[in-house]
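Chemist: In the working numbering, the protein residues as written are 41 to 143. For glycine and all other residues, C-beta sits at the position ideal for the given N, C-alpha and C.
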Amino acid sequence: MDEEYVEAVLRLVEQVPPGRATTYGAIGDLVGSGPRLVGRVMSQFGDAVCWWRVVRADGSTPDFLAERAGARWQAEGTPVRARPGRSCAVDLVRCLHVPQVTD
DNA sequence: TACTTGACATTTT
DNA sequence: AAAAATGCCAAGT
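1. Helix, strand or coil, according to DSSP, for residue 76 in the structure here?
2. Leaving out five residues before and five after residue 91 in sequence, what residues of the same chain have Cβ atoms less than 6 Å from its Cβ?
3. Is it right to say residue 133 is buried, meaning 16 or more other beta carbons lie within 10 angstroms of its own, or is it exposed?
4. Go ahead and label residue 60 buried or exposed: buried means 16 or more other beta carbons lie within 10 angstroms of its beta carbon, across all protein chains shown.
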């Protein structure tokens, strides 16, 4: 495993301020790898960072974390838009935040 | 070594 | 609008 890559991802996630969120695709693009890699890293080290600030391209999280993520968003004041019949998703139009690659 | 799976995204049916 | 197909990279079986 490339620890450098992992650290880079975790760093970007840590750079996301409360009340905001970023997407796997954005991080993947910033680190120069596909979004799946970011997801994989999160599955292993996600608990080490604010994973709820990392959402899918549609602004939502996997169903596993939908509840917990929703609670976090509400606690942090992240703008979430209710999805009819589904879990809530953060309003990326409002809170999408792309961390800097200033390494 | 080959196939399947995964905290994803984008394009075409 | 919703579902399927394709691309992507790495790990597990």
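Modeler: The short version:
1. helix
2. 82
3. exposed
4. buried
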